[in-house]
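Comments concern the structure below.
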Amino acid sequence: MSFHDDPRFEAVGSAQATPETLAGLETWRRLGPRQQPTYQDPAELEAVLEELRAVPPLVFAGEADLLRSRIAEVAAGRAFMLAGGDCAETFADATADKIRRRVQTVLQMAAVLTYAGSVPVVKMGRMAGQFAKPRSSDEETRDGVTLPSYRGDIVNSHEFTPEARRHDPGRLLQAYHTSASTLNLLRAFTQGGFADLRRVHEWNRGFLGSNPNYHRYEQIAREIDRALKFMAACGADFDALGTVEFFAAHEALLLEYERALTRVDSRTGNPYAVSGHYLWIGERTREIDGAHVDFLSKVHNPIGVKLGPGATKDDVLRLVDKLDPERTPGRLSFITRMGAGQIREKLPALLNEVGREVPQVAWVCDPMHGNTITSGNGFKTRRFEDVVEEVAGFFDAHAEAGTIPGGLHIELTGDDVTEVLGGGAQIDEEGLRRRYETLVDPRLNHDQSLEMAFQVAELLTRASRA
């Protein structure tokens, strides 16, 4: 019996998926999926996929439904989405300390945005699944030696050797187990009291205290303390402050992995990708007739689509028709990534054409990927000022179009790396050498992330007064 015929892999409980639904989960295979690994041993791959089809889900359908309802609030302007984390997670960095610092950074940013912007924040991590990265070239050449490109730890290793760069299906299982341990920590941190808003001062521990942004954060923390003490004196119930909703997100790039981790919800008979709560389609793989759009149109998670400066009204409306045909609030987000030099020209025109036609869609800003440059000394980097300028342009474009700026999607780390130029620490080109640790794209460090939060809080405040 093949897994396609085996109900153990398709549903648990009373509700069953229809044959048409199950067949629809396979149609992507006929569409020539892009950016996929090239595995040399089909039997080795099938053995791994067979195991993935049987493992427990990483997330549950009800959690994805809850997130969809939260994003519906974002689309309506009653909340703000904050998604942050590594450009590409690595297995080696899935340690308790590094995960805790990333969570702390997102929580601190959310506290700044919530307090200064007076808006609830939907918190999401590019964590527990962000192991794959699309690449512009299948191969990399060094000193006359050509090997497959590094595509993230879920595919191969960064070391430049033939064995390390081999596309290894066993890494799919390692990605699953690393995601499971990461999610365990995320749930412990956010549900076990660590994320209690009454501990905002403690979230600064372990970070450098000499930068002005830390003092600005401590000032907000003191104001939150005073507000909470006032509410306590009035008899307020603080039970809800002890835990935080924190969702896991990643780009749904490797379709064999996503298909193997798709389960049918026993309540409804609908399929969900249980590899993460929120999945997105990248700019390189969002073709309307492509495999990624086809597959994600069949699962019921909330999903996002990256839109670059070339996105048109036709692109947007066709993507909505394909991915959100019932116009369900919170189902679909568009994540714009246009670059500081183009966003003020491209995004207002696009929003004026389509923004009011899709009020159920949440619009989110990715200010990172359109601003990548190479420094004079050879580092792949970004300028902090460009990142901030794109966010400002995003807010201005929505103000011009009368639409809602819904969120921020950024690559960050809780570590004191030096990968992005500028910011309060004034990292220059030589400064990049100090702690340039990323294997793929440059990330904001903890200080730059906090500085970004203060900048966005001011933009949110202005937008709420408009």
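Residue numbers for the sequence shown follow the numbering used here, so the first one is -11 and each next one is one higher. Every residue, glycine too, gets a C-beta built ideally from N, C-alpha and C.
Checklist entry - Can we say the region 303 to 310 touches the region 39 to 48, given the rule of at least three CB pairs closer than 8 Å? => result In this structure the region 303 to 310 does not lie against the region 39 to 48, because fewer than three pairs of beta carbons, one per stretch, are closer than 8 Å.
Checklist entry - DSSP state of K294, grouped into three classes? => result As a position in the sequence shown, residue 294 is number 306, starting the count at 1. Of the three classes helix, strand and coil, the one that applies to K294 here is strand, per DSSP.
Checklist entry - Using the C-alpha atoms, what's the distance from A63 back to D374? => result Counting from 1 along the sequence shown, the entry for residue 374 is found at position 386. Counting from 1 along the sequence shown, the entry for residue 63 is found at position 75. Whole-angstrom Cα-Cα distance: 26 Å.
Checklist entry - Quick one, which of T149, A80, V110 and T93 has its alpha-carbon nearest Q162's? => result Locating residue 162 in the sequence shown gives position 174, counting from the first residue. Scanning T149, A80, V110 and T93 for the CA closest to the CA of Q162 turns up A80.
Next on the checklist: Among the candidates A451, F322 and P336, whose CA atom is the shortest distance from the CA of A350?
Outcome noted: Position 362 of the sequence shown, counting from 1, holds the residue named residue 350. Per the Cα distances, F322.
Checklist entry - In whole angstroms, what is the alpha-carbon distance linking Y205 and Q443? => result Taking the sequence shown and counting its residues from 1, the one referred to as residue 205 is at position 217. Taking the sequence shown and counting its residues from 1, the one referred to as residue 443 is at position 455. Separation of Y205 and Q443 (C-alpha to C-alpha, rounded to the nearest whole angstrom) is 12 Å.
Next on the checklist: Are the CB atoms of G318 and L70 within a distance shorter than 8 Å?
Outcome noted: The sequence position of residue 70 within the sequence shown is 82, counting from 1. The sequence position of residue 318 within the sequence shown is 330, counting from 1. By the CB criterion at 8 Å, L70 and G318 fall outside the cutoff.
Checklist entry - Does the beta-carbon of D(-6) have 16 or more other beta-carbons within 10 angstroms, so that it is buried, or is it exposed? => result Start at 1 with the first residue of the sequence shown, and residue -6 comes out as number 6. With a pLDDT of 36 at D(-6), under the threshold of 50, the modelled position of this residue cannot be trusted; read the value that follows with caution. It counts as exposed.
Item to check | Residue nearest to G412 in terms of C-alpha spacing, selected from N172, M440, G230 and T166 | outcome: As a position in the sequence shown, residue 412 is number 424, starting the count at 1. When only C-alpha atoms are compared, the closest one is M440.
Item to check | Burial state of P259, where buried means 16 or more other Cβ atoms lie within 10 Å | outcome: Along the sequence shown, one-based indexing puts residue 259 at 271. Here P259 is buried. Its C-beta has 16 or more other C-beta atoms within 10 Å.
Next on the checklist: Within the continuous beta strand (DSSP E) that includes P108, where are the two ends?
Outcome noted: Looking up residue 108 in the sequence shown gives position 120. Unbroken run through P108: none, as it is neither H nor E.
Checklist entry - Within the 8 Å Cβ cut-off, does H434 reach chain C? => result No chain C appears in this structure, which consists of one protein chain only.
Next on the checklist: Could you compute how far the alpha carbon of D53 sits from the alpha carbon of R114?
Outcome noted: Counting from one through the sequence shown, the residue named residue 53 turns up at place 65. Counting from one through the sequence shown, the residue named residue 114 turns up at place 126. Those two C-alpha atoms are separated by around 18 Å.
Item to check | Candidates G366, A82, S106 and G292: closest to T449 by CA position | outcome: Indexing the sequence shown from 1 puts residue 449 at position 461. Of the candidates G366, A82, S106 and G292, the one whose C-alpha sits nearest the C-alpha of T449 is S106.
Checklist entry - Which word fits E239, buried or exposed, when buried means at least 16 other C-beta atoms lie within 10 angstroms of its C-beta? => result Along the sequence shown, one-based indexing puts residue 239 at 251. Label assigned to E239: buried.
Item to check | Residue range of the beta strand (DSSP E) that includes P393 | outcome: Numbered from its first residue, the sequence shown carries residue 393 at position 405. Unbroken beta strand (DSSP E) run through P393: P393 to E399.
Item to check | Span separating the alpha-carbon of D384 from that of V346 | outcome: Position 396 of the sequence shown, counted from the start, is the residue given in the question as residue 384. Position 358 of the sequence shown, counted from the start, is the residue given in the question as residue 346. Those two C-alpha atoms are separated by around 19 Å.
Next on the checklist: Just to confirm the assignment, what range does the alpha helix (DSSP H) spanning R251 have?
Outcome noted: For the purposes of this step, residue 251 is identified with residue 263 of the sequence shown, where counting begins at 1. Boundaries for R251: no alpha helix (DSSP H) harbours it, while the beta strand (DSSP E) harbouring it runs T250 to V252, taken from the DSSP string.
Checklist entry - On the premise that C75 lies in contact with V504, defined as a C-beta separation below 8 Å, what is that separation, rounded to the nearest angstrom? => result For residue 504 there is no data in the structure shown, the boundaries of the chain being -11 and 454.
Item to check | beta strand (DSSP E) runs wholly inside the region 264 to 328, at least 3 long, in chain order | outcome: Complete beta strand (DSSP E) runs here, min 3: 266 to 269, 291 to 295 and 320 to 324.
Item to check | Endpoints, alpha helix (DSSP H) assigned at V36 | outcome: In the sequence shown, counting from the first residue as 1, residue 36 sits at position 48. Here the alpha helix (DSSP H) through V36 covers P30 to A42.
Checklist entry - So is H288 buried or exposed if we call it buried at 16+ other beta carbons inside 10 Å? => result Locating residue 288 in the sequence shown gives position 300, where the first residue counts as 1. Under this definition H288 is a buried residue.
Checklist entry - In chain order, which beta strand (DSSP E) runs of at least 3 residues are fully inside the region 83 to 146? => result For the region 83 to 146, whole beta strand (DSSP E) runs of length 3 or above, ordered along the chain, are 109 to 114, 127 to 130 and 133 to 136.
Checklist entry - To the nearest angstrom, how far is it from the Cα of L320 to the Cα of F235? => result Within the sequence shown, the letter at position 332 stands for residue 320. Within the sequence shown, the letter at position 247 stands for residue 235. Straight-line Cα distance between these residues: approximately 16 Å.
Item to check | Residue burial classification, S254 (beta-carbon count within 10 angstroms, cutoff 16) | outcome: Walking along the sequence shown from the start, residue 254 turns up at place 266. S254 comes out exposed.
Next on the checklist: Taking the alpha helix (DSSP H) that A183 belongs to, which residues open and close that run?
Outcome noted: On the sequence shown, residue 183 is found 195 positions in, with the first residue counted as 1. For A183, there is no enclosing alpha helix (DSSP H), as DSSP marks it with neither H nor E.
Checklist entry - Leaving out the 5 sequence neighbours to the left and right, which residues in its chain are closer than 6 Å to I415 when beta-carbon positions are compared? => result Position 427 of the sequence shown, counting from 1, holds the residue named residue 415. Contacts found: T406 and L409.
Item to check | Reference P313, options T15, W268 and K286, closest by Cα | outcome: Along the sequence shown, read from residue 1 onward, the residue named residue 313 stands at position 325. Among T15, W268 and K286, the Cα nearest to that of P313 belongs to K286.
Checklist entry - In chain order, what residues of the same chain lie with their CB nearer than 6 Å to the CB of H357, ignoring the 5 residues before and after it? => result Looking up residue 357 in the sequence shown gives position 369. Here the set comprises R325.
Next on the checklist: Run through the DSSP bridge pairs and tell me what M69 is partnered with.
Outcome noted: By one-based count along the sequence shown, residue 69 stands at place 81. DSSP lists V110 and G395 as partners of M69.
Next on the checklist: DSSP has I212 in a bridge; who is on the other side?
Outcome noted: Indexing the sequence shown from 1 puts residue 212 at position 224. The partner list for I212 (beta bridge, DSSP) is empty, contrary to what the question assumes.
Next on the checklist: For E14 and I269, I'd like the C-alpha separation in whole angstroms.
Outcome noted: One-based indexing of the sequence shown puts residue 14 at position 26. One-based indexing of the sequence shown puts residue 269 at position 281. Distance from the CA of E14 to the CA of I269, rounded to the nearest whole angstrom, comes to 18 Å.
Checklist entry - If we count Cβ pairs, one from each stretch, closer than 8 Å, do we get three or more for the region 213 to 229 versus the region 85 to 100? => result Taking one beta carbon from each stretch, the region 213 to 229 and the region 85 to 100 have fewer than 3 pairs nearer than 8 Å; the two do not touch.
Item to check | Extent of the continuous beta strand (DSSP E) run through P259 | outcome: One-based indexing of the sequence shown puts residue 259 at position 271. Here the beta strand (DSSP E) through P259 covers P259 to A261.
Item to check | CB of I59 within 8 Å of CB of V94, strictly | outcome: Numbered from 1 along the sequence shown, position 71 holds the residue referred to as residue 59. Numbered from 1 along the sequence shown, position 106 holds the residue referred to as residue 94. Their beta carbons are not under 8 Å apart, which means I59 does not touch V94 by this criterion.
Item to check | Identified DSSP bridge partners for V428 | outcome: Along the sequence shown, one-based indexing puts residue 428 at 440. Assignment of beta-bridge partners to V428 by DSSP yields no partner.
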